[in-house]
Amino acid sequence: MLKRISCLTMVLLLLFSFAVFAAPQTLPADISSTTWGILTVTNPSESFITSYDKVHNISGYASNGVNISIYTKTGSGYSLLYRNGAPLSFNVGASGMFVQPVSLGYGKNSLVIRAELNGQVQYVLRTVTVLSSNILNLINGFSLF
Numbered sequence: 129m130l131k132r133i134s135c136l137t138m139v140l141l142l143l144f145s146f147a148v149f150a151a152p153q154t155l156p157a158d159i160s161s162t163t164w165g166i167l168t169v170t171n172p173s174e175s176f177i178t179s180y181d182k183v184h185n186i187s188g189y190a191s192n193g194v195n196i197s198i199y200t201k202t203g204s205g206y207s208l209l210y211r212n213g214a215p216l217s218f219n220v221g222a223s224g225m226f227v228q229p230v231s232l233g234y235g236k237n238s239l240v241i242r243a244e245l246n247g248q249v250q251y252v253l254r255t256v257t258v259l260s261s262n263i264l265n266l267i268n269g270f271s272l273f
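Sequential numbering from 129 applies to the sequence shown in the numbering used here.
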């Protein structure tokens with residue numbers, strides 16, 4: 129009897145230990161940035177940036193408990209990003225700060241950072257263009273003005 133109770137307790141603990149995120153799998157293509165004050169993205173700090181790194185750290189701060197999800201542009205809209213089979217969706221902790229590495233491809237990567245708190249949703253759009261380090265891209269990326 130004690131084994132059954134122990135097994136049942138373990139199963140219940142496992143079932144309720146996984147966080148369930150209500151972030152949608154896709155977003156429409158015509159989404160625009162909104163400002164509600166829920167989320168501040170500090171990296172990338174500008175709407176359009178260029179980088180040579182295929183992994184970029186998305187960082188910023190938000191209130192404790194804010195659910196953040198990161199999406200990438202697809203043909204028909206934006207799709208939730210995944211890393212190691214898990215959705216790139218998380219809750220901000222007590223410090224309010226977050227850093228999330230995102231794998232990018234060469235070329236233009238349009239991202240949407242979605243924040244949700246108590247039914248309010250905020251969208252932040254960022255574009256990261258990843259250049260390869262070959263000589264042609266180095267020349268094209270160099271500018272005097």
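C-beta: ideal position from N, C-alpha, C; glycine also.
- In the displayed model, Lys236 falls within a strand according to three-state DSSP.
- Residue Ser238 holds the alpha-carbon nearest to the alpha-carbon of Ser207 among Phe226, Ser238, Thr178, His184.
- Rounded to whole angstroms, Ala190 and Glu174 show a C-alpha spacing of 18 Å.
- In the structure shown, Lys201 adopts extended strand secondary structure according to DSSP, grouped into three states.
- In this structure the segment 161 to 170 does not lie against the segment 210 to 218, because fewer than three pairs of beta carbons, one per stretch, are closer than 8 Å.
- Tyr199 counts as buried, since at least 16 other C-beta atoms from the protein chains shown sit within 10 angstroms of its C-beta.
- Burial state of Arg242 is buried, judged by a 10 Å Cβ sphere holding 16 or more other Cβ atoms.
- By the 16-neighbour rule on beta-carbons within 10 angstroms, Phe226 is buried.
- Rounded to whole angstroms, the Cβ separation of Gly193 and Leu259 is 37 Å, and the two are not in contact under 8 Å.
- C-alpha of Lys236 to C-alpha of Ala222: approximately 34 Å in a straight line.
- With respect to the 8 Å criterion, Tyr180 and Ser261 are classified as neighbours on the basis of their beta carbons.
- The alpha carbon of Asn219 has as its nearest neighbour, out of Ile159, Lys131, Ala151, the alpha carbon of Ala151.
- A residue is called buried once 16 or more other Cβ atoms fall within 10 Å of its Cβ, and Gly203, having fewer, is exposed.
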